[in-house]
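Structure, as structure tokens:
Number of protein chains: 2
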Amino acid sequence: MSTTFHGALSPVLTPFDDDGAPSAERLVRHCRALLNDDVGLAVFGTNSEANSMSVAEKRVLLDALIDAGLPAARMMPGTGACALPDTIELTRHAVTRGCGGVLMLPPFYYKGVSDEGLFRAFASVIEAVGDARLKVYLYHIPPVAQVPLSLALIERLLKAYPGTVAGIKDSSGDWNNTSAVIDAFASTGFEVFAGSETFLLRTLEAGGAGCITATGNVNAAAIARLAREWPSADAVAQQRRLDEVRAVFQRFPMIAAMKAAIAWQSGDEGWANLRPPLVELGAGQRAQLESALDAIGFRMPHAAQLALRTEAAH
Amino acid sequence: MSTTFHGALSPVLTPFDDDGAPSAERLVRHCRALLNDDVGLAVFGTNSEANSMSVAEKRVLLDALIDAGLPAARMMPGTGACALPDTIELTRHAVTRGCGGVLMLPPFYYKGVSDEGLFRAFASVIEAVGDARLKVYLYHIPPVAQVPLSLALIERLLKAYPGTVAGIKDSSGDWNNTSAVIDAFASTGFEVFAGSETFLLRTLEAGGAGCITATGNVNAAAIARLAREWPSADAVAQQRRLDEVRAVFQRFPMIAAMKAAIAWQSGDEGWANLRPPLVELGAGQRAQLESALDAIGFRMPHAAQLALRTEAAH
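This is the structure in structure tokens:
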């Protein structure tokens with residue numbers, strides 16, 4: 001099984017222009033900075049506002065990243081949608097463009113669906129794409145999708161599609177579940193990623209592959225460092241500092257807060273935009289966020305590179 | 001404000017061929033039967049598996065219905081998706097084709113979103129479509145979408161877009177909410193549809209417009225009759241019979257059960273198909289459903305017309 005993905009990935013924030021269109025230029029710049037920090041590109045995740053974009057918009061963005069020279073092997077685009085034809089189209093495109101894997105939500109409109117129905121959904125996509133290069137990472141995020149992926153479902157998928165069903169992102173926020181998935185399947189090469197760096201050290205110690213985490217967008221280098229160095233003596237201290245930074249962002253709506261932080265530290269106000277139904281932080285929240293980040297001495301190392309205007313300035 | 005819609009509408013079941021593709025031929029036939037029974041066409045609703053279809057598939061089906069000569073004025077296609085570009089595309093298409101209205105889910109991936117974010121979402125669609133013919137019916141279905149529409153949001157939308165925001169389908173299953181919406185807005189012409197015929201008589205008595213109900217697919221004539229005749233002496237008895245029929249279907253997964261009933265009574269087994277993540281009834285469930293419908297003497301009047309093979313047979 002492929003080991004292209006390891007350590008830390010980030011569901012990359014999607015920048016939007018003032019007119020609401022995705023900003024490919026900002027996205028390329030941001031992805032390059034993440035890769036420089038050794039963070040892989042889980043573009044089109046929950047924190048990317050991916051489900052607020054059409055399949056066509058996502059195809060254009062993925063092409064922009066790859067055409068800019070960024071390595072598709074380090075990309076794990078989210079491709080799961082409510083409608084199987086949408087999931088199939090984007091998954092096929094990702095495979096064709098050489099992406100190392102795809103992160104696949106189950107269809108999430110209907111709630112309380114059966115494992116049989118979910119199995120058929122994933123199987124339909126895998127069969128329709130029909131490409132040996134396809135690596136599917138299952139996306140378990142019951143707090144948002146409200147459609148959990150059971151251990152029995154994972155087992156059935158692994159048995160039916162070994163080598164294709166490659167891993168999982170567990171965003172349940174429930175360590176017992178992550179631990180159970182690792183215990184059940186990691187020994188076969190199934191790559192288990194925690195859904196946040198809160199569980200990074202525990203996941204690595206238990207035999208998991210790493211984490212795919214929102215705050216990778218703002219704290220990339222430190223998260224990737226722990227993922228690389230975790231057996232080191234100061235791993236617990238590193239984890240504690242990651243938790244301290246995350247705690248600040250968690251006091252606000254996370255996506256808006258991360259975008260506000262990037263807008264602030266890069267000086268590119270365009271970064272603050274979100275697409276409805278999400279909204280940007282208000283001025284009061286922005287001030288609170290900035291002073292809270294100042295109070296813990298937090299700076300994004302690559303902030304200056306994210307400013308569109310730095311092209312001219314530097 | 002338009003009064004095109006009144007009485008009973010049905011979120012029309014979407015038939016799928018054995019290969020998983022939507023079956024336009026069966027859909028046209030079914031929609032014609034519903035209109036013959038005075039039931040309006042809320043195609044692409046929850047019970048239509050609409051979110052399991054791509055925008056392109058829905059455009060094709062809508063075109064097939066209209067090109068078959070069915071009146072677009074009686075159609076209220078569901079157009080709300082997670083991604084605003086998808087909602088805009090399908091809404092624009094529906095307006096261009098002359099549909100009497102559209103039924104619009106809020107973006108439903110993110111949970112716990114603000115009224116401000118939802119307002120921006122609906123406003124973005126209305127502004128982008130930018131057509132005076134557009135009539136938006138809001139779709140409140142918290143048990144499935146998990147994104148409720150508050151009274152304050154409805155009020156703000158009505159104030160901002162009078163004449164465009166035309167009504168609501170309340171599928172909360174909470175009569176207190178339906179009643180509150182009627183009390184607050186019906187007097188201005190805002191059309192309030194209950195999300196099931198369970199509340200049909202109460203909705204009409206309270207000043208609502210009718211119901212948009214799943215079981216309209218199988219019990220169309222009787223539901224439409226109560227909607228027309230409701231001040232009549234036997235209205236309560238009519239309501240009781242509607243409840244009796246619905247209760248049978250509710251003992252099973254509803255969409256699968258309605259499709260199974262149509263497959264059984266029409267003799268067209270193709271009707272039993274669902275698209276993942278939903279699954280058809282098992283053989284045991286089918287037998288239970290059929291005997292339960294027999295036990296209450298229930299027959300679909302137009303069942304024979306729904307069989308593709310009747311074309312040749314009759």
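Chains A and B, in that order, give the protein sequences. All residue numbers for the first sequence refer to the UniProt record's numbering, where the first residue is 1 and numbers rise by one. All residue numbers for the second sequence refer to the UniProt record's numbering, where the first residue is 1 and numbers rise by one. All residues carry an ideal CB built from backbone N, CA and C; glycine is no exception. None of the values given here were measured: they were computed from a predicted structure.
What does DSSP give as the partner residue(s) for B:M104 in the beta ladder? B:L138
Is there a C-beta anywhere in chain B that falls below 8 Å from the one on A:P11? no
Residues in the same chain with beta-carbon distance under 6 Å from A:F193, minus the five sequence neighbours each way, listed in chain order, please. K169, A209, G210, C211, I212
Do B:Q265 and residue 342 of chain B come within 8 Å of each other at the CB atom, strictly closer than that value? Any answer about residue 342 of chain B is impossible in this case: the structure gives chain B only from 1 up to 314.
For B:D63, which residues of its own chain have a beta-carbon under 8 Å away from its beta-carbon, when the five flanking residues on both sides are left out? R97
Have a look at the DSSP bridge pairing and note the partners of A:F16. A:P22
Are the C-beta atoms of B:V113 and some chain A residue less than 8 Å apart? yes
Alpha carbon of A:R202 to alpha carbon of A:W175, nearest angstrom: 9 Å
Note the first and the last residue of the continuous alpha helix (DSSP H) segment covering B:E116. 115 to 129
With respect to the alpha helix (DSSP H) encompassing A:I88, which residues constitute its N-terminal and C-terminal limits? 84 to 96
Under 8 Å by Cβ, that's how I've got A:A260 and A:L289 pegged, so tell me the actual separation to the nearest angstrom. 6 Å
Entirely enclosed alpha helix (DSSP H) segments - the stretch 150 to 234 of chain B, minimum 4 residues: 151 to 160, 175 to 185, 200 to 206, 220 to 229
Which residues in chain A sit within 7 Å of B:S23, going by Cβ to Cβ distance? Within chain A, no residue comes near B:S23; the closest Cβ sits about 15 Å away, beyond 7 Å.
Where the alpha helix (DSSP H) containing A:G284 begins and where it ends: 283 to 295
Which residues share a DSSP beta bridge with B:A42? Bridge partners of B:A42: none, in fact.
State yes or no: is the beta carbon of B:P277 nearer than 8 Å to at least one beta carbon in chain A? yes
In whole angstroms, give me the CA-to-CA distance for B:I126 and B:L134. 8 Å
Using a Cβ cut-off of 7 Å, which residues of the stretch 84 to 104 of chain A contact any Cβ in chain B, in chain order? L84, P85, D86
Counterpart residues of B:M76 in DSSP-defined beta bridges: Bridge partners of B:M76: none, in fact.
Buried or exposed, going by whether 16 or more other CB atoms sit within 10 Å of the CB of B:E191? buried
Measuring only between beta-carbons, confirm whether B:M53 sits less than 8 Å from chain A. yes
Buried or exposed: which applies to A:A166, given that a residue is buried once 16 or more other Cβ atoms fall within 10 Å of its Cβ? buried
Report buried or exposed for B:R286, applying the criterion of at least 16 other Cβ atoms within 10 angstroms of its Cβ. buried
Between A:A257 and chain B, is any beta-carbon pair separated by less than 8 Å? no
Counted within 10 angstroms of its Cβ, other Cβ atoms place A:D86 as buried (16 or more) or exposed: buried
Quick one: Cα of B:R246 to Cα of A:E89, how far? 38 Å
May I ask you to report which of helix, strand or coil DSSP gives A:S10? strand
Could you tell me which chain A residues have their CB closer than 7 Å to the CB of B:A121, listed as they occur along the chain? P276, P277
What is the rounded straight-line gap between the Cα of B:L157 and the Cα of A:A72? 43 Å
Cβ neighbour criterion (16 or more within 10 Å) applied to A:P162: exposed
Report the neighbours of A:P106 on chain B: residues whose CB is nearer than 9 Å to its CB, in chain order. P277
Please classify B:E269 as buried or exposed, where buried requires at least 16 other C-beta atoms within 10 Å of its C-beta. exposed
Mind checking A:V236: buried by the 16 CB within 10 Å criterion, or exposed? exposed
Measure the alpha-carbon distance for A:D37 versus A:Q239 and round it to whole angstroms. 17 Å
8 Å is my cut-off, CB to CB: does B:L157 come that close to chain A? no
Name the residues in the stretch 202 to 221 of chain B whose C-beta lies less than 7 Å from a C-beta of chain A; which are they? none
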